[in-house]
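**Q** When you line the sequence shown up against the numbering used here, it's residues 56 to 330, in that order. Cβ atoms here follow ideal geometry from the backbone N, Cα and C, with glycine treated the same way.
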Amino acid sequence: MDITYKLDSITPLTVANTTGEGRGNAGGLSLRNFCIAIDSTMYVKTGELLRKNLKSQFGVPVKYLVVTHYHGDHIFGFKPFKDICILSSEMTSKIMLNNETKSRYQVFIKNLAKEGPIGEGVEYIVPTLLFTDKLIIQDDDLHIEIYHTGGHTAGSSFVWFPHQKVVFAGDLIFENTFPYAGDPTCDPELLINALKKMQDINADIYIPGHGPIMKGASSLDRHIEFYTDFRNIIKDAIKENITAEKISIPNTFGEPDAGRRSMTVNHWLNFYKNK
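#1: Can you tell me the Cα-Cα spacing of residue 61 and residue 296, whole angstroms?
#2: Distance check for residue 318 and residue 102, CA to CA, integer angstroms please.
#3: Using the three-state DSSP reduction, which class does residue 225 fall into: helix, strand or coil?
#4: Just to confirm my understanding: we take residue 216, look at its own chain, exclude 5 residues before and 5 after, and list those with CB closer than 6 Å. What are they?
#5: Roughly how many whole angstroms lie between the Cα atoms of residue 207 and residue 246?
#6: Can you check which of these residues, 238, 234, 128, 273, is closest to residue 93 by C-alpha distance?
#7: In the structure shown, what three-state DSSP assignment does residue 124 receive?
#8: Whole beta strand (DSSP E) runs in the region 129-212 with 3 or more residues, listed along the chain?
#9: Around the C-beta of residue 144, are 16 or more other C-beta atoms found within 10 angstroms, so that it is buried, or is it exposed?
#10: Return the residue from the list 90, 130, 328 that minimises the CA-CA distance to residue 193.
#11: Can you say whether residue 152 is buried or exposed, counting buried as having 16 or more other CB atoms within 10 angstroms of its CB?
#12: So residue 140 and residue 119 are in contact, right, with Cβ under 8 Å, and what is the actual spacing, rounded?
As structure tokens, this is what we get:
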């Protein structure tokens, strides 16, 4: 099977693939003497092409792979990057080292291999260059800022490239699709706060973890409104003893996948019941 993975130029120093070919969005950016990959896709082959195309696009080596969170569609393509620094929040590494996560993902990896050549060769690799709240990577006059916010997962982070006014949001943003917010470590309050933090940065471009590129800080308005309304609906449902199946979800992003809806609603119910 002929596999391709094209990177679209977003600004002179940033690129991304938002087609869904790698199951989750991925991309990268260039500083002066090296470039940085952001997330690695679901597959080894698309991860390999991501690294190859970044170097080809910018003409400098890939020095770091920044991981926004631990989900498979962002980490299973690590293998082609294991000779460089794979970087994440400390919490992302902690989650990946958890025995329950490792056991669950080994099953996931075995099932992925059944998809054929595209799903083969995945190795479970844990990031080793870690940070807590904020990390700055500087190269001559250019730098990026990486913020650990939590939210979508306990380890979720986003990347801000001030020189290009671009944010790589990871799965803190799902654009034009109902978001998955049902991870066991998802914190709805931190998720809303993360969106507000990204909006306050006032970027020109936001690259979501899933879906097309968004332009301008105002493009986050409906995401913040969606989660805020959803939170109020969940809190009201708890007060009125409404079951998960009968909860009405804001239609901002259309009808959700049944599985994604169930996991998200049930997680938020449990989260606020225990607050």
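**A** Looking at the atomic coordinates:
#1: Here residue 61 refers to the residue found at position 6 when the sequence shown is read from its first residue. Here residue 296 refers to the residue found at position 241 when the sequence shown is read from its first residue. Looking at the two C-alpha atoms, the distance is approximately 49 Å.
#2: Within the sequence shown, numbered from 1, the residue matching residue 102 stands at position 47. Within the sequence shown, numbered from 1, the residue matching residue 318 stands at position 263. Between residue 102 and residue 318, the C-alpha separation is close to 28 Å.
#3: Your numbering for residue 225 matches position 170 in the sequence shown. DSSP places residue 225 in strand when its eight states are reduced to three.
#4: In the sequence shown, counting from the first residue as 1, residue 216 sits at position 161. Contacts found: 84, 199.
#5: Looking up residue 207 in the sequence shown gives position 152. Looking up residue 246 in the sequence shown gives position 191. Looking at the two C-alpha atoms, the distance is approximately 6 Å.
#6: Residue numbering aside, residue 93 sits at position 38 when the sequence shown is read from its first letter. Comparing Cα positions, the closest option is 128.
#7: On the sequence shown, residue 124 is found 69 positions in, with the first residue counted as 1. Residue state, collapsed to three classes: coil.
#8: 140-144, 184-186, 189-194, 197-203
#9: Numbered from its first residue, the sequence shown carries residue 144 at position 89. Buried, by the Cβ-count rule.
#10: Position 138 of the sequence shown, counted from the first residue, corresponds to residue 193. Comparing Cα-Cα distances from residue 193 to each of 90, 130, 328, the minimum goes to 90.
#11: Mapped onto the sequence shown, residue 152 falls at position 97. Exposed, because fewer than 16 other Cβ atoms sit within 10 Å of the Cβ of residue 152.
#12: Start at 1 with the first residue of the sequence shown, and residue 140 comes out as number 85. Start at 1 with the first residue of the sequence shown, and residue 119 comes out as number 64. Their Cβ separation, rounded to whole angstroms, is 5 Å, which keeps residue 140 and residue 119 in contact under 8 Å.
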